[in-house]
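Using this note's numbering, read the sequence shown as starting at 13 and increasing by one per residue.
Each residue gets a CB set at the ideal place from its N, CA and C atoms; glycine is no exception.
Shown next, in C-alpha cells, is the structure this report addresses.
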Amino acid sequence: MDGSKKPVVRVGLLGFGTIGTGVVGHLIGQRQLIADRLGCSIEIARIADLDIERDRGVKVEPGWMTRDAFEVVRDPNVDVVVELIGGTGIAKAVILEAFRNGKPVVTANKALICEHGPELFEAARAAGQDFYFEASVGGGIPIIKDLREGLVGNQIQSVYGILNGTCNYILTRMAEAGLDFDQALAEASQKGYAEADPSLDIDGIDTMHKAVILASLAYGFWVDYQEVYTEGIRSLQAIDIACAQELGYEVKLLAVIRAGSTGGPVEVRVHPAMLPKDHILASVRGVYNAAFTTGDVVGQHLAFGRGAGMDATTSSVIADLADISLNMLHQCPRRVADFRKHANYSGLLPIEDVETRYYIRLSVADQPGVLARIAAIFGDLRISIASMIQHESEHGSAEGVTLIFLTHRAREASIREAVRQVESLPTTLGPASVLRVEEDCQGG
Ligand code: HSE
Numbered sequence: 013m014d015g016s017k018k019p020v021v022r023v024g025l026l027g028f029g030t031i032g033t034g035v036v037g038h039l040i041g042q043r044q045l046i047a048d049r050l051g052c053s054i055e056i057a058r059i060a061d062l063d064i065e066r067d068r069g070v071k072v073e074p075g076w077m078t079r080d081a082f083e084v085v086r087d088p089n090v091d092v093v094v095e096l097i098g099g100t101g102i103a104k105a106v107i108l109e110a111f112r113n114g115k116p117v118v119t120a121n122k123a124l125i126c127e128h129g130p131e132l133f134e135a136a137r138a139a140g141q142d143f144y145f146e147a148s149v150g151g152g153i154p155i156i157k158d159l160r161e162g163l164v165g166n167q168i169q170s171v172y173g174i175l176n177g178t179c180n181y182i183l184t185r186m187a188e189a190g191l192d193f194d195q196a197l198a199e200a201s202q203k204g205y206a207e208a209d210p211s212l213d214i215d216g217i218d219t220m221h222k223a224v225i226l227a228s229l230a231y232g233f234w235v236d237y238q239e240v241y242t243e244g245i246r247s248l249q250a251i252d253i254a255c256a257q258e259l260g261y262e263v264k265l266l267a268v269i270r271a272g273s274t275g276g277p278v279e280v281r282v283h284p285a286m287l288p289k290d291h292i293l294a295s296v297r298g299v300y301n302a303a304f305t306t307g308d309v310v311g312q313h314l315a316f317g318r319g320a321g322m323d324a325t326t327s328s329v330i331a332d333l334a335d336i337s338l339n340m341l342h343q344c345p346r347r348v349a350d351f352r353k354h355a356n357y358s359g360l361l362p363i364e365d366v367e368t369r370y371y372i373r374l375s376v377a378d379q380p381g382v383l384a385r386i387a388a389i390f391g392d393l394r395i396s397i398a399s400m401i402q403h404e405s406e407h408g409s410a411e412g413v414t415l416i417f418l419t420h421r422a423r424e425a426s427i428r429e430a431v432r433q434v435e436s437l438p439t440t441l442g443p444a445s446v447l448r449v450e451e452d453c454q455g456g
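What follows is the structure, encoded as C-alpha cells:
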C-alpha cells in the first residue's frame, strides 16, 4: 500500500475476461465513490492474461499487461491479487504464490474453493493474509458476508438456495412457456446465459460447488464435495413441470443444506425439487438467484439478486477488495477469517437416509389390479400415499394411463426400492419420473 498521500491499494488482476473487464471498468468508474467511502483508493496496477492485445472497451495503462500471472503476484507494486482465471490448475498455483509473497487474495473461483478450500485457507493463515471469495457464490449477492458476519450469532438451521441462473432460466421458461428442456436450453444459450458447454450448470455441478461453500461456512467443517448428492435438470420432462404446476408447485434446481442439533448429520444435496407456489423461493424467476436461510436467533433471512454476469460478479469482487483494503489500512488482516472450524457434526447424511415427500409419475396399463399392486408395493415399504391422480383414458388404450402419486414423508432408500419394484412390473410401461417435494423449507 502506497501511504504517501491518500493511501492507494494496488491490485494485480489475473484473468482479463468478462469479469476482469468489469472489475477494471467499475474500479475506474466508481473510483471517487470508493475512495470517499473507504478513505483509500483501489487502483489496478497490473493485469495478467494470455491475450494482452484485445481491446476490451476499458482503459488499460501502458505497463499493466503481461502474459505471466506469476510476474504479477511477485510484483512489489501489487498489494492485493484478484484471481479470475478459473479452474483448479494454474489458479491454485498462483494463489499459493501470492500468499508466499505476502499478498492477500480475492477470487471468484467456486470450483477451486470447493475442492481445495482447506489447503488454501491453511496457506492464507500461515502467511497471515486475507483470502476473500464473495463472488464465488450467488454473483452479486453478498451471501458469504451474510453467513459469516451478519448471521454470526445464529446456529444455522437451513439454507435453501437457487444458485444457478442458467438452470433457473431454463426451468422458468419450461414452466411459463411450456418449452421442453432442449428448447429452453437453446433459448438460454441464444440469450448468452448458458456457457458454450453448459454441462457444469445443467448437471448441477456449479450449484454443488456453491452449496459446499455455503454448507461449510454454515456448519463449521469443510464438506467433501464428492459426498454431495448432485442431480441436474437435464432429464426433466415438460410433462412433469406441467403436472407440478397443476398440483400447485414450481420446480427449481435447489441446494438443500440443513441440520438438526450439533452432533448429528448435515444434509447437503442438489437436485430438482418441487416447491409450493407460495414459498418465497418459488417466485424467484429467470436468471435470478436466492438463498433462504433460517437461523435460530434471526429466524428467516432472504438474499436475492443477480447470481451471474459481469456487473453483478464485479460488485462482489469490489466488496472483497474494499474489505481487504480496510484491513490493510487499519493493519488488521484476517479480521474476518476465510473459514474457521467451529462446530461438531457427524458428517453428511447419506442421500438414502434423507426423508422428504415425493412425486412419482408412472405410465401403466389400464387393467384391473394394476393400481392395487402398486399400492401394495408402497405399503410394504411403509410409504404412505398422500394423494393420487389418474386422468381417465380410453379403456384399453395402448399408451396406458398416467398415474401420479404424492407421498407423505418417506425415506429415499424406500422410494428407490419402490420405484425399482414398480418399474419391474409387466404392467408398467416405462421408467418412473420422481421428484422430491420440499415442504419443510418454510423455516422456523
Ligand atoms: N453459470 C452460472 C449461472 C454462473 O448460470 O448461474 C457462474 O457460477
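I need the DSSP call for T368, collapsed to helix, strand or coil. Strand at T368.
Can you tell me whether P443 is buried or exposed? The criterion is at least 16 other CB atoms within 10 Å of its CB, across all chains shown. Burial call: exposed.
N176 beta carbon near the ligand HSE (any heavy atom closer than 6 Å): In this structure, N176 has its beta carbon less than 6 Å from a heavy atom of the ligand HSE.
In angstroms, rounded to a whole number, what distance separates the CA positions of Y144 and G27? Between Y144 and G27, the C-alpha separation is close to 17 Å.
From what residue to what residue does the beta strand (DSSP E) around Q169 run? DSSP places Q169 in the uninterrupted beta strand (DSSP E) bounded by I168 to I174.
Would D350 pass as a contact of A135 if the rule is Cβ separation under 7 Å? It is not a contact, given that the beta carbons lie outside the stated cut-off.
Confirm, please, whether the CB-CB distance from S328 to G152 is below 7 Å. Cβ atoms of G152 and S328: closer than 7 Å.
Could you pull out every residue in the same chain whose Cβ sits closer than 6 Å to the Cβ of I253, ignoring the five residues on either side in sequence? Excluding the 5 residues flanking it on each side, I253 has same chain C-beta neighbours closer than 6 Å at M186, A187 and V263, in chain order.
Is it buried or exposed, S436, if we count other Cβ atoms within 10 angstroms and call 16 or more buried? With fewer than 16 other CB atoms across the displayed protein chains lying within 10 angstroms of its CB, S436 is exposed.
In the structure shown, what three-state DSSP assignment does K222 receive? Correct three-state label for K222: helix.
From V23, H38, S273 and I214, pick the residue whose C-alpha is nearest to that of V323; which is it? The amino acid occupying residue 323 in the given sequence is Asp; Val does not appear at that position. Put simply, of V23, H38, S273 and I214 the residue whose alpha carbon is nearest the alpha carbon of D323 is H38.
Tell me whether the stretch 259-278 and the stretch 210-228 touch, counting them as touching only if at least three CB pairs, one residue from each stretch, are closer than 8 Å. Under the 8 Å Cβ criterion, the stretch 259-278 counts as touching the stretch 210-228, having at least three qualifying pairs.
Euclidean distance between Cα positions of G381 and D194: Those two C-alpha atoms are separated by around 37 Å.
Whose CA, out of H354, A302, L183 and A60, lies closest to the CA of T274? The residue among H354, A302, L183 and A60 with its C-alpha nearest the C-alpha of T274 is H354.
If we ignore side chains and look at the alpha-carbon of each, how far apart do P19 and G98 end up? Just so you know, the alpha carbons of P19 and G98 end up roughly 30 Å apart.
Mark Q169 as exposed unless 16 or more other C-beta atoms lie within 10 angstroms of its C-beta, in which case mark it buried. It is buried - the Cβ of Q169 has at least 16 other Cβ atoms within 10 Å.
Quick one: does the C-beta of D290 sit closer than 6 Å to a heavy atom of the ligand HSE? For the ligand HSE, not one heavy atom lies less than 6 Å from the Cβ of D290.
Apart from the five residues on each side of it in sequence, which residues of its chain come closer than 7 Å, Cβ to Cβ, to S358? Once the five neighbours on either side are set aside, the close Cβ partners of S358 are G275, G276 and P277.
Buried versus exposed call for S405 [16 or more other C-beta atoms within 10 Å across all chains shown]: Flag for S405 reads exposed.
Examine the ligand HSE and report whether any of its heavy atoms sits within less than 6 Å of the Cβ of A459. In the structure displayed, the chain extends from 13 to 456; residue 459 sits before or after that span and is not available.
Hey, how far is the Cα of I107 from the Cα of A331? Going by the C-alpha atoms only, they are around 19 Å apart.
Identity of the residue in A303, I372 and L62 nearest I155 by Cα: Of A303, I372 and L62, the residue nearest in Cα terms is A303.
Write down every uninterrupted run of the alpha helix (DSSP H) in the stretch 315-389 whose length is 4 residues or greater and which is fully enclosed by it, in chain order. If we require 4 residues or more, the alpha helix (DSSP H) runs fully inside the stretch 315-389 come out as 322-341.
How about N113 and V309: are their beta carbons less than 7 Å apart? In terms of Cβ geometry, N113 and V309 do not form a close pair [threshold 7 Å].
Is DSSP giving G399 helix, strand or coil here? Gly is not the amino acid found at residue 399; the sequence shown has Ser there. In the structure shown, S399 sits in a strand (DSSP, three-state: E or B).
Please state if the CB of V84 and the CB of V90 are separated by a distance shorter than 7 Å. Cβ atoms of V90 and V84: closer than 7 Å.
How would you call C457, buried or exposed, if buried means at least 16 neighbouring beta carbons within 10 angstroms? There is no way to answer for residue 457, as the model of the chain reaches only from 13 to 456.
V164, buried or exposed, once every other Cβ within 10 Å from all chains shown has been counted against 16: Exposed, by the Cβ-count rule.
Give every residue of the same chain whose Cβ lies closer than 8 Å to the Cβ of G456, excluding the five residues on either side of it in the sequence, and list them in chain order. Reliability of the predicted coordinates at G456 is poor, the pLDDT of 46 falling under 50, and no value is obtained from them.
Option in K17, E364, F82 and T30 with minimal Cα separation from G321: Relative to G321, the option among K17, E364, F82 and T30 whose CA is nearest is T30.
N180 - DSSP class collapsed to helix/strand/coil: In the structure shown, N180 falls within a helical segment according to DSSP collapsed to helix, strand and coil.
Boundaries (first-last residue) of the alpha helix (DSSP H) holding L212: Where L212 is concerned, the enclosing alpha helix (DSSP H) starts and stops at S211 to I214.
Would you say the beta carbon of G319 comes nearer than 6 Å to a heavy atom of the ligand HSE? Shortest gap from the CB of G319 to any heavy atom of the ligand HSE: under 6 Å.
Euclidean distance between Cα positions of A81 and I56: The alpha-carbon atoms of A81 and I56 are separated by roughly 14 Å.
Endpoints, the alpha helix (DSSP H) within which H291 is located: It is not in any alpha helix (DSSP H) - H291 carries neither H nor E in the DSSP assignment.
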